[in-house]
């Protein structure tokens, strides 16, 4: 094809997006790393260069380990549920039945609604004398301090994240299920295989890449939870529901400890980047045409 | 017989999942419609209000500037969508169609932004925004620009548009150039109309993302008059500390616009064609 554009045209087209990414992405990115070598805790105006001191402090802080542990706990609970349960729902929806669209709309609804409203709705369900504790007492147990008991708070928040994610991953799975050849199911029916063997032997092996994709996406978004915690528990009680993004927010914007918060951001970055690299290079190659 | 039993169980399970999905809202709606004489902590709980009233909605409407929050959210989401459409298609076009030095570099720089979540860089983004005076303490306009700019373009959008341009036959461009179009005219008058479906997808998903954004506005906003809906709704908790009737009514009110939007656009969300377009 003949070249119909001038030498600088491609750059002019890229310029606006490039400028925005430079100012609001790349500069802040390098600044995160840069700031992590400064100590702001004594004075916000006269930070001192401290080298790796923030990182050393970080890895000697029991609170940081607690926060990291909470974050991984979040991952270990939320990710398997979000990888498996939506698949189960998607398989059911994919059967030839009536009312599929209505089911899809209802199950997708939590994805659309603001996380703040979702968190408030759950806070109300979790109230000390709320409806969930009514069910708990009906079952003959003592009321649970869903958001006030350090043993429960983190799990109560995780439930909100799971609840809000089911519809989202269900749709991803539904798209993948369309690609499973129908002949395979017919063969199963002839063999007289039941529902579970049918899907264990045909569906699951066929959509393994999608399961892996959902695993990494849900892991990345579990690492980033913030609003649920901010609205429901503020990380409490006794830091029991504090995860890393919330702790960064608290350190940076409430304690103005910019260096320490930045060092934590770098740690978060390394973890998320590991997940993302797996994601992009293993499962989303097509999307970016690598 | 076996088939009927199977269908029945499938419906039963899907119905249970659907109810679990909407129950938190049902309970919130129920609470918001209960009058002061009804104990909202009653055991056993009542889903149907015994003392039905709209008073909580009227009360919260008069105390909270929902119209203001709604307008702020519209400005921010509208601005974000518009900029994303323009910047993403402009950047996607040369990546799809032109050869130039540094193309690989541009491509991988954009790709790299996917790997780094906003949460990692939010603190310096805030410092940059402060430096540029794009905060609401300077002026409302500056505040809006500050809310929009960090999300004005995304790698997702650029790659989506690049894909769209890749799908256009090259003969289109050749014909337009031979007819005397400049590159600029070719882009806006010939190519952009051809990628409308992708633009629609990008617009809808950017809108949803921006509408629900909570972290960034809660970092930068200082004035209540600038609150977007999510920030305003969160603020209800502080305003009405334990008045759950009002908090519930306010939360439901704030959800109505996005609910209408979702129902109108539902095929984009649940058809599965645009899987994974919303950020998880």
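Residue numbers (the numbering used here), protein chains in the order written: chain L, 15 to 304; chain F, 44 to 323. Virtual Cβ for every residue (Gly too), placed ideally from N, Cα, C.
Next item on the list: Quick one: give me the first and last residue of the alpha helix (DSSP H) that residue 135/F is part of.
Entry: 109-140
Next item on the list: Look at the alpha carbon of residue 169/F and the alpha carbon of residue 260/L, and state the distance between them as a whole number of angstroms.
Entry: 16 Å
Check: What does residue 181/F pair with, by DSSP beta-bridge criteria?
Finding: None; residue 181/F has no bridge partner.
Margin query: Check this for me: beta carbons of residue 262/L and residue 275/L, under 8 Å apart or not?
Written below: yes
Notebook entry, point to check: Does the stretch 86-99 of chain F come within contact of the stretch 190-209 of chain F, defined as at least 3 CB pairs closer than 8 Å?
Noted result: no
Notebook entry, point to check: Is the Cβ of residue 194/L closer than 8 Å to any Cβ of chain F?
Noted result: no
Margin query: Less than 8 Å between the beta carbons of residue 290/F and residue 134/L, yes or no?
Written below: yes
Next item on the list: Check whether the Cβ atoms of residue 130/L and residue 245/L sit closer than 8 Å, and answer yes or no.
Entry: yes
Next item on the list: Would you mind stating whether residue 139/F and residue 205/F have Cβ atoms separated by less than 8 Å?
Entry: yes
Notebook entry, point to check: Name the chain L residues that come within less than 9 Å of residue 170/F, Cβ to Cβ?
Noted result: 42, 45, 49 and 272
Item checked: Closer than 7 Å at the beta carbon, the chain L residues around residue 61/F -> 117, 120 and 121
Notebook entry, point to check: Tell me the DSSP bridge mates of residue 63/L?
Noted result: 52/L
Check: Three or more beta-carbon pairs under 8 Å between the stretch 153-160 of chain L and the stretch 73-82 of chain L, yes or no?
Finding: no
Note to self: Along the chain, where does the alpha helix (DSSP H) containing residue 278/F start, and where does it finish?
What the structure shows: 272-282
Margin query: I need the straight-line Cα distance from residue 106/L to residue 213/F, nearest angstrom please.
Written below: 43 Å
Checklist line | Contact with chain F by residue 65/L, beta-carbon distance below 8 Å | finding: no
Margin query: In the DSSP output, which residue or residues are listed as bridge partners for residue 95/F?
Written below: 77/F
Next item on the list: Could you tell me the boundaries of the alpha helix (DSSP H) in which residue 217/L lies?
Entry: From DSSP, residue 217/L is part of no alpha helix (DSSP H); its letter is neither H nor E.
Next item on the list: Determine whether the Cβ of residue 207/L lies closer than 8 Å to any Cβ atom of chain F.
Entry: no
Check: So what does DSSP say about residue 155/L, is it helix, strand or coil?
Finding: coil
Next item on the list: For residue 298/F, I'd like the list of residues in its chain whose CB is within less than 8 Å of its CB, leaving aside the five on either flank, ordered along the chain.
Entry: 68
Checklist line | Among 127/F, 227/F and 274/F, nearest to residue 202/F - alpha-carbon criterion | finding: 127/F
Next item on the list: Since I believe residue 178/L is in contact with residue 162/F (beta carbons under 8 Å), could you give me their beta-carbon distance rounded to a whole number of angstroms?
Entry: Between residue 178/L and residue 162/F the Cβ distance is about 17 Å, and since that is not below 8 Å, they are no contact.
Next item on the list: Identify which residue in 296/L, 284/L and 278/L has its Cα closest to the Cα of residue 71/L.
Entry: 278/L
Item checked: Reference residue 175/L, options 56/L, 125/L and 148/L, closest by Cα -> 125/L
Notebook entry, point to check: Would residue 133/F pass as a contact of residue 31/L if the rule is Cβ separation under 8 Å?
Noted result: yes
Next item on the list: Give, in chain order, every unbroken run of the beta strand (DSSP E) that is at least 3 residues long and sits entirely within the stretch 192-278 of chain F.
Entry: none
Checklist line | Distance between residue 301/F and residue 307/F (C-alpha atoms, nearest Å) | finding: 10 Å
Note to self: Contact criterion: CB-CB distance below 8 Å. Does residue 312/F meet it with respect to chain A?
What the structure shows: The chain labelled as chain A is not found among the protein chains of the depicted structure, namely L and F.
Next item on the list: Pull up the distance between the alpha-carbon of residue 60/L and that of residue 36/L, whole angstroms please.
Entry: 27 Å
Check: Considering only the beta carbon of each residue, do residue 42/L and residue 171/F sit closer than 8 Å?
Finding: yes
Next item on the list: Quick one: grab the DSSP three-state call for residue 164/L.
Entry: coil
Margin query: DSSP three-state label for residue 31/L, please.
Written below: helix
Next item on the list: Tell me where the alpha helix (DSSP H) around residue 300/F begins and ends.
Entry: 287-307
Notebook entry, point to check: If we cut at 8 Å on Cβ distances, does residue 155/L have a partner in chain F?
Noted result: no
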